[in-house]
Each structure stands twice: as C-alpha cells, then as structure tokens.
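> Have a look at this one.
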Amino acid sequence: MWDRKGDTLYVECKTVLVSENLSKREVLFLTQAMSDPLGFLTPVLLTAKLLLHEMWACRVVVWDTPLTENVKRKFLKWYNGFEVLNELRIPR
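Residues 0 to 91, numbered by numbering that gives the first Met the number 0, are exactly what the sequence shown covers, in order.
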C-alpha cells in the first residue's frame with residue numbers, strides 16, 4: 000500500500016487466530032493468503048515456504064492431521080512475528 004503523506008510503501012499484515020490443532024491445510028491457507036505483489040515480503044515468506052516443503056517431504060503429515068510439535072512451533076514462531084511488518088515503511 001502507499002502512504003501519500005509520508006510518500007512510503009508499506010505492508011498491511013492481518014493475522015487470524017490459528018487453531019490449536021494446526022494442519023498442513025491451514026498452514027498452506029495462511030501462507031498463501033498473504034499477498035505480496037511487489038515482492039517486498041519474499042525473504043519473509045520464504046521461511047513459510049520452506050516449512051511447507053518440509054511438510055511435503057514428510058509423507059506422514061497429511062492434509063488434516065495435526066502437525067508435529069517441532070513443525071508447529073516453527074510455523075507459529077514465524078506467524079506470530081509477522082505483525083512486526085506492519086511497522087515497515089519503504090521510501091518510494
């Protein structure tokens with residue numbers, strides 16, 4: 000988004016509550032719901048995409064089964080830190 004007063008570009012990150020039994024389906028939904036048409040968030044979104052890759056490699060994790068504690072912890076650490084990006088301002 001563009002702030003006319005400050006002549007800066009910024010990202011508006013809206014997070015939703017994540018269920019206790021986080022699944023591969025929810026991780027994919029939450030990751031793909033973040034729009035980044037200009038590519039500013041590519042380094043940040045890469046972490047989530049690597050976690051998705053890790054889940055894909057683990058054939059035990061299917062769409063609606065709860066994630067392992069290790070993967071769940073990694074994803075929640077990434078996702079909960081995402082709101083910090085609301086403070087990011089990029090001069091135009």
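Idealized CB from N, CA, C, for every residue including glycine.
Small disclaimer: the values here were computed from a predicted structure and weren't measured.
By a C-beta neighbour count over all protein chains shown, 10 Å radius and 16 as the cutoff for buried, is residue 54 buried or exposed?
The residue in question, residue 54, is buried, as its Cβ has 16 or more Cβ neighbours within 10 Å.
> Would you kindly check if the distance between the Cβ of residue 91 and the Cβ of residue 9 is under 7 Å?
No. Outside cutoff.
> Between the Cα of residue 69 and those of 82, 5, 62 and 57, spot the shortest distance and give me the residue it belongs to.
The shortest C-alpha separation from residue 69 is found at 57.
> Determine the extent of the alpha helix (DSSP H) in which residue 24 is found, giving its start and end residues.
Run containing residue 24: 23 to 31, per the alpha helix (DSSP H) assignment.
> Please identify the residue among 17, 24, 4 and 1 whose C-alpha is closest to the C-alpha of residue 64.
Checked all of 17, 24, 4 and 1; the closest Cα to residue 64 is 24.
> Residue 27 and residue 71 - do their beta-carbons sit closer together than 7 Å?
The answer is no: Cβ separation not under 7 Å.
> Just tell me which of 80, 11 and 31 has its CA closest to the CA of residue 51.
Closest option to residue 51, Cα to Cα, is 31.
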